[in-house]
Structure formats: C-alpha cells, structure tokens
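Visitor: The structure is given below, and queries will be raised subsequently.
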Ligand SMILES: [Fe+2]
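In this note's numbering, the protein residues as written are 47 to 548.
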C-alpha cells in the first residue's frame with residue numbers, strides 16, 4: 047500500500063509539473079494560513095487547487111525568522127492527499143515562544159506567497175500586551191471583505207473568528223457578487239463554497255498576516271441546525287451525512303491541528319489556548335452538541351425570533367444544553383485550573399438575556415443563549431464558583447455590536463455583574479433594523495451598547511490591568527477599500543466585572 051502510494055506520488059509530481067504554466071492553474075490560489083499558536087509551534091495551512099489530478103502531491107514547507115525567507119529555521123515535506131482535497135496542515139514544533147515567523151510552501155514547481163505567523167508566549171511568561179481582533183459572519187454575496195484590510199493594518203497578534211465563515215444559502219438585498227452555485231449538501235459542494243470564499247483577496251491577506259483561532263456557528267453547515275437536527279426538514283441520517291461533508295470541508299480549509307480532523311459527522315473543535323499568564327481563550331462549539339431549539343413555530347424546526355417565555359416552559363428545562371454535557375464538564379474543569387489574568391470565552395452568539403418585547407412580559411430568540419437559559423445559568427455559575435479572573439465573553443451571530451453585563455439573574459437589577467460580554471458585528475452579513483435593537487434597550491438595562499448599522503470587527507488591546515475594545519465600523523461593504531472608524535470604545539478594568547464606556 048505504501049509503495050503504491052509512493053509510486054502515485056512521484057507520478058503525481060511528474061504529471062502535474064508542467065500543467066501550471068498559466069496562472070489559472072497556479073496551485074496556491076487559495077493562499078496560506080496559520081493557526082493555533084503554542085509557545086513552541088503553530089499550524090501552517092494551504093490547499094493545492096487547479097488542474098492537479100487525483101494523486102497525492104508532495105509539498106515542501108519552510109519556516110524562516112525573517113520576512114524574505116533567508117534564514118530558514120525549520121522545513122519539511124508532506125503529502126497533500128486528494129482524500130483531503132489536497133489540503134496541507136503542518137504542525138511546526140521547536141519554535142521559540144512569543145515571536146514572529148514567516149513561512150511558505152513549494153509544490154509542483156510553484157511557490158506560495160509568504161505568510162506571517164507568531165508563537166504564543168511561554169505558559170509562565172507575563173507578556174506586557176496582547177492585541178487581537180475578532181470577526182464573524184461573512185456572507186460573500188452581501189459585501190466585500192474589506193474589513194480585513196483594516197484588521198491587517200492593525201497588526202493584531204491573533205485573529206479570532208467566531209462563526210459563519212461561509213453561508214450555505216443566498217439571501218439579502220443589494221448583493222455585490224454571487225455564489226454562483228446552489229445550496230451545498232455534498233462534500234464537493236462545501237469544498238467549492240469554501241474555496242470561493244477563500245478567493246477573496248482581503249480574507250487571504252488576513253489569513254497570511256497572523257495566526258487565527260476559530261469556531262463555527264450554523265451556516266458552515268445549514269441555518270439553525272442543532273446537533274443532529276436540520277432546520278430545513280432533512281431526515282436525521284441524511285443530515286448527519288451532510289454535516290460530515292460540511293465539517294470535513296471546514297477542516298480542509300482551516301489551519302486546524304490534526305487532532306481536530308473529523309470522524310464522519312463528529313469533529314471536536316472546542317479547545318483552549320493560552321497566551322502566557324496574560325490570557326486564556328476557551329473556544330466553544332455551540333452547535334454540534336446542543337439540544338434542539340424549544341417551541342419552534344408550528345410546522346417548523348430551528349429557532350424562533352419571538353417566543354413568549356411564559357408560553358414555552360420547555361425553554362427553561364434544566365436538562366437542555368447549548369454545549370452538551372461533555373463540553374460543559376470540560377469547560378468547568380478548565381475554569382478550575384486556569385491561572386490566567388483574562389479568561390476569554392470565544393463562542394458564536396450573544397449570551398446576555400435579551401427581552402424582545404417592549405413593556406411587560408418577555409419574548410426570546412430561541413436559537414441563541416436565550417433558548418438555553420438553564421445552560422447559560424450553569425455556565426455563569428461555574429464562572430463564579432471557580433472564581434476565574436476577569437471573565438469576558440466574545441461572540442458574533444447577531445450582526446450588530448452589543449456590549450453587555452452578564453448577570454446571575456438578568457431580571458433582577460440588583461443581581462451582581464459576573465462577567466463582561468462583547469458581541470462583534472458581521473464582516474458583511476446584513477442586520478436587523480437598528481431601530482428594532484434600540485426598542486429593546488429600555489427593557490434590557492444590562493445591554494450598554496447596541497449598534498446594528500455598521501459591518502466591521504472588534505479590536506481588543508489587553509494588558510494586566512485593562513481590556514480595551516474598539517468597535518470598528520466600515521463605511522460600506524460595497525467597495526473593498528471603504529474607510530473604517532472606531533464607533534465606540536469600552537474597557538474592562540482588572541477585578542471589576544462589566545464593561546464601561548471609555
Ligand atoms: Fe451570521
């Protein structure tokens with residue numbers, strides 16, 4: 047078997063070598079990426095595309111300590127396997143902590159662009175600062191990904207992507223470009239969708255600028271799915287096949303470590319990542335293990351925008367979970383062990399309770415944490431019980447900026463603030479009407495800021511004493527080079543839960 051593989055490999059290299067003389071068959075047209083930095087290593091990613099045939103292809107990788115790739119300090123070769131869409135995931139080890147590196151790939155006589163990445167500080171180190179950006183929700187048809195230009199210009203150490211990296215369906219108004227293919231169900235279709243998104247030059251540049259860590263939301267598979275249940279009516283077996291295809295394509299296109307490789311419809315992406323003693327990220331999976339949404343509209347599945355909480359007792363059932371019991375236990379265990387100054391829960395959606403009914407009574411949006419109040423309660427109880435230092439939740443999904451106090455009891459104004467929440471707006475995906483957000487504010491005093499008019503990202507500067515978050519809003523997503531400005535700045539002070547306007 048191995049001999050045959052070697053034989054095919056050498057054939058593949060020979061056969062494909064002359065094929066890319068034109069730029070359309072340049073094998074690195076999807077760019078390069080890196081992710082999941084540790085103090086000693088990082089994951090490097092690329093995927094070969096073009097007219098490369100069905101054979102495995104040897105790929106050489108190099109890591110240098112300088113931007114012109116003169117001082118190569120690590121290199122190796124591995125096979126881009128057609129079973130994994132010729133994607134390449136290299137786990138480089140033996141690097142020095144807390145420094146920038148450059149890398150590139152060579153295959154089929156072609157060379158990739160040079161990417162830049164960095165390692166995390168040593169576990170015991172006390173880095174003076176960390177700058178990261180977080181982003182989510184990039185509908186390809188609804189805008190250009192120009193926000194990434196501004197992220198790259200900010201020179202973050204790390205980029206955190208919080209879900210909806212692709213969209214499976216077409217919707218929205220005033221589209222700037224089209225998917226040009228139907229809703230994906232099969233592996234090849236999900237691969238093509240990821241590859242299309244990855245042709246965006248600003249997205250490619252952001253992947254090449256710094257390491258990413260990622261989690262997903264629903265649209266990487268299909269809107270509002272929950273565990274084994276699709277909102278669009280597929281039977282369970284067919285849906286799990288679809289989920290397997292979507293997860294596999296996701297793995298193939300992200301700089302994920304090999305331990306996250308999917309096994310059929312299962313793929314463990316929840317994990318934690320340390321940044322010295324300064325920060326620890328908990329990347330959560332809100333989709334794969336969650337209970338089905340409670341009280342869907344008659345004849346429907348998935349979430350509902352406005353469920354009357356009084357009329358849906360199931361909503362609050364203690365057995366319902368957002369993360370699944372195994373992930374809940376894992377997170378509680380991680381909270382028990384952390385010594386980090388800042389503990390950052392990176393997950394896909396809004397955590398604060400949002401009452402969507404102005405005046406008496408409460409209506410809830412059941413696909414978000416409001417659909418899983420008992421699970422939210424358990425998570426916040428764990429935050430309090432484990433006495434973790436400076437808990438901050440970051441999220442996406444709602445396509446608007448929201449800065450919130452997370453409380454033990456949202457209905458009680460006297461209930462203590464136990465954590466801070468920052469929800470970032472979308473890169474491009476269209477939002478609810480801003481007026482609707484404003485309408486909710488009087489009933490939700492723990493929401494300190496809500497802004498739905500702008501697409502963009504959030505930039506965070508962190509040191510021992512202060513978390514500073516700048517809400518960065520794009521003037522437009524209808525042109526790649528639109529301006530971007532800071533709409534508001536909120537800080538969190540060490541030892542004082544809850545954001546404050548700067
Ligand atoms: Fe979204």
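No residue lacks a Cβ here, since even glycine has one placed at the ideal position from N, Cα and C.
Taking buried to mean at least 16 other C-beta atoms within 10 Å of its own C-beta, is residue 382 buried or exposed?
Guide: Stepping through the chain shown from its first residue, residue 382 is reached at position 336. By the neighbour-count rule (16 or more Cβ atoms within 10 Å), residue 382 is not buried but exposed.
Visitor: Specify whether the stretch 304-324 and the stretch 169-182 touch according to this definition: at least 3 beta carbon pairs, one from each stretch, less than 8 Å apart.
Guide: Yes, they touch.
Visitor: Tell me whether residue 120, by its Cβ, gets closer than 6 Å to a heavy atom of ligand 1.
Guide: The residue you call residue 120 lines up with position 74 of the chain shown. Result no, Cβ not under 6 Å from ligand 1.
Visitor: Please report the residue range of the alpha helix (DSSP H) in which residue 233 lies.
Guide: Taking the chain shown and counting its residues from 1, the one referred to as residue 233 is at position 187. Run containing residue 233: 233-244, per the alpha helix (DSSP H) assignment.
Visitor: Hey, would you say the C-beta of residue 270 is under 6 Å away from at least one heavy atom of ligand 1?
Guide: Residue mapping note: residue 270 aligns to position 224 of the chain shown, counting from 1. The answer is no for residue 270.
Visitor: Can you find the residues in the same chain that come closer than 7 Å, C-beta to C-beta, to residue 194, ignoring five residues on each side of it along the sequence?
Guide: By one-based count along the chain shown, residue 194 stands at place 148. Excluding positions up to five away in sequence, the list reads 248, 249, 251, 252.
Visitor: For the pair the stretch 464-476 and the stretch 427-447, tell me if three or more CB-CB distances fall below 8 Å.
Guide: They touch, by the three-pair rule.
Visitor: Using the beta-carbon of each residue, find all residues closer than 5 Å to any heavy atom of ligand 1 and list them in chain order.
Guide: My final list is 183, 210, 475.
Visitor: In whole angstroms, what is the alpha-carbon distance linking residue 283 and residue 425?
Guide: Counting from 1 along the chain shown, the entry for residue 283 is found at position 237. Counting from 1 along the chain shown, the entry for residue 425 is found at position 379. About 31 Å.
Visitor: Start and end of the alpha helix (DSSP H) containing residue 456?
Guide: Within the chain shown, residue 456 is the residue found at index 410, counting from 1. Counting along the chain, residue 456 falls outside any alpha helix (DSSP H), and DSSP gives it neither H nor E.
Visitor: For residue 152 versus residue 106, is the C-beta spacing smaller than 7 Å?
Guide: Stepping through the chain shown from its first residue, residue 152 is reached at position 106. Stepping through the chain shown from its first residue, residue 106 is reached at position 60. In this structure, residue 106 lies closer than 7 Å to residue 152 by Cβ.
Visitor: Do residue 131 and residue 237 have their C-beta atoms within less than 7 Å of each other?
Guide: The residue you call residue 131 lines up with position 85 of the chain shown. The residue you call residue 237 lines up with position 191 of the chain shown. Yes, they are a contact pair.
Visitor: Which class does residue 373 belong to by DSSP, given the choice of helix, strand or coil?
Guide: Residue numbering aside, residue 373 sits at position 327 when the chain shown is read from its first letter. Correct three-state label for residue 373: helix.
Visitor: My output table needs one value for residue 379: the three-state DSSP class, helix, strand or coil.
Guide: Counted from its first residue, the chain shown places residue 379 at position 333. If DSSP states are grouped into helix, strand and coil, residue 379 belongs with the helices.
Visitor: Mind the definition here: the stretch 114-133 touches the stretch 174-189 only if three or more C-beta pairs lie below 8 Å; say whether that holds.
Guide: Touching, no.
Visitor: Leaving aside the five residues before and after residue 529 along the sequence, list all residues of the same chain whose C-beta is less than 7 Å from its C-beta, in chain order.
Guide: Against the chain shown, residue 529 aligns to sequence position 483. 521, listed in sequence order.
Visitor: Taking DSSP as the reference, what is the three-state secondary structure of residue 217?
Guide: The count along the chain shown starts at 1 and reaches residue 217 at position 171. Residue state, collapsed to three classes: coil.
Visitor: In three-state terms, what does DSSP make of residue 285?
Guide: One-based indexing of the chain shown puts residue 285 at position 239. Here residue 285 sits in helix by DSSP.
Visitor: At the level of alpha carbons, what is the spacing between residue 464 and residue 538?
Guide: If you number the chain shown from 1, residue 464 lands on position 418. If you number the chain shown from 1, residue 538 lands on position 492. When rounded, the distance between both Cα atoms is 12 Å.
Visitor: Give me the Cα-Cα distance between residue 54 and residue 96, rounded to the nearest whole angstrom.
Guide: Here residue 54 refers to the residue found at position 8 when the chain shown is read from its first residue. Here residue 96 refers to the residue found at position 50 when the chain shown is read from its first residue. In this prediction, residue 54 scores a pLDDT of 38, lower than 50, which makes its location untrustworthy; no coordinate-derived value is stated.
Visitor: Which residue comes first and which comes last in the alpha helix (DSSP H) that contains residue 265?
Guide: Your numbering for residue 265 matches position 219 in the chain shown. Looking at the DSSP string, residue 265 is not in any alpha helix (DSSP H), and its letter there is neither H nor E.
Visitor: Which term fits residue 225, buried or exposed, when burial requires 16 or more other beta carbons within 10 angstroms of its beta carbon?
Guide: What you label residue 225 is simply residue 179 of the chain shown in a count that begins at 1. It counts as buried.
Visitor: Helix, strand or coil: which one does DSSP assign to residue 533?
Guide: Taking the first residue of the chain shown as 1, we reach residue 533 at position 487. Three-state DSSP puts residue 533 in a strand.
Visitor: Counting beta carbon pairs with one atom in the stretch 113-121 and one in the stretch 280-297, are three or more of them shorter than 8 Å?
Guide: No, the stretch 280-297 does not touch the stretch 113-121.
Visitor: Taking only runs that begin and end inside the stretch 445-497, name each unbroken alpha helix (DSSP H) of 4 or more residues, in chain order.
Guide: Counting whole runs of 4 or more residues, the stretch 445-497 contains the alpha helix (DSSP H) stretches 480-486.
Visitor: What does residue 410 pair with, by DSSP beta-bridge criteria?
Guide: Numbered from 1 along the chain shown, position 364 holds the residue referred to as residue 410. Note: residue 410 sits in a beta bridge opposite 353.
Visitor: Report yes or no: do the stretch 353-372 and the stretch 209-217 share at least 3 C-beta pairs separated by less than 8 Å?
Guide: With the cut-off at 8 Å, the stretch 353-372 and the stretch 209-217 do not touch.
Visitor: Please classify residue 384 as buried or exposed, where buried requires at least 16 other C-beta atoms within 10 Å of its C-beta.
Guide: Your numbering for residue 384 matches position 338 in the chain shown. Residue 384 comes out buried.
Visitor: Can you list, in chain order, the residues of its chain whose CB lies under 8 Å from that of residue 136, leaving out five sequence neighbours each side?
Guide: Residue numbering aside, residue 136 sits at position 90 when the chain shown is read from its first letter. Cβ neighbours of residue 136 beyond the five flanking positions: 89, 90, 91, 107, 122, 124.
Visitor: Tell me which residue opens and which closes the beta strand (DSSP E) that residue 518 is part of.
Guide: Counting from 1 along the chain shown, the entry for residue 518 is found at position 472. Looking at the DSSP string, the run of the beta strand (DSSP E) that includes residue 518 is 512-520.
Visitor: Buried or exposed for residue 513, please, with buried defined as at least 16 other CB atoms from any protein chain shown within 10 angstroms of its CB.
Guide: Numbered from its first residue, the chain shown carries residue 513 at position 467. It is buried - the Cβ of residue 513 has at least 16 other Cβ atoms within 10 Å.
Visitor: Just mark residue 546 as buried or exposed, buried being the case when its beta carbon has 16 or more other beta carbons within 10 Å.
Guide: Position 500 of the chain shown, counted from the start, is the residue given in the question as residue 546. Exposed, because fewer than 16 other Cβ atoms sit within 10 Å of the Cβ of residue 546.
Visitor: Please report the straight-line C-alpha distance between residue 533 and residue 200, rounded to a whole angstrom.
Guide: As a working mapping, residue 533 is identified with position 487 in the chain shown. As a working mapping, residue 200 is identified with position 154 in the chain shown. Taking the straight line joining both Cα atoms gives about 16 Å.
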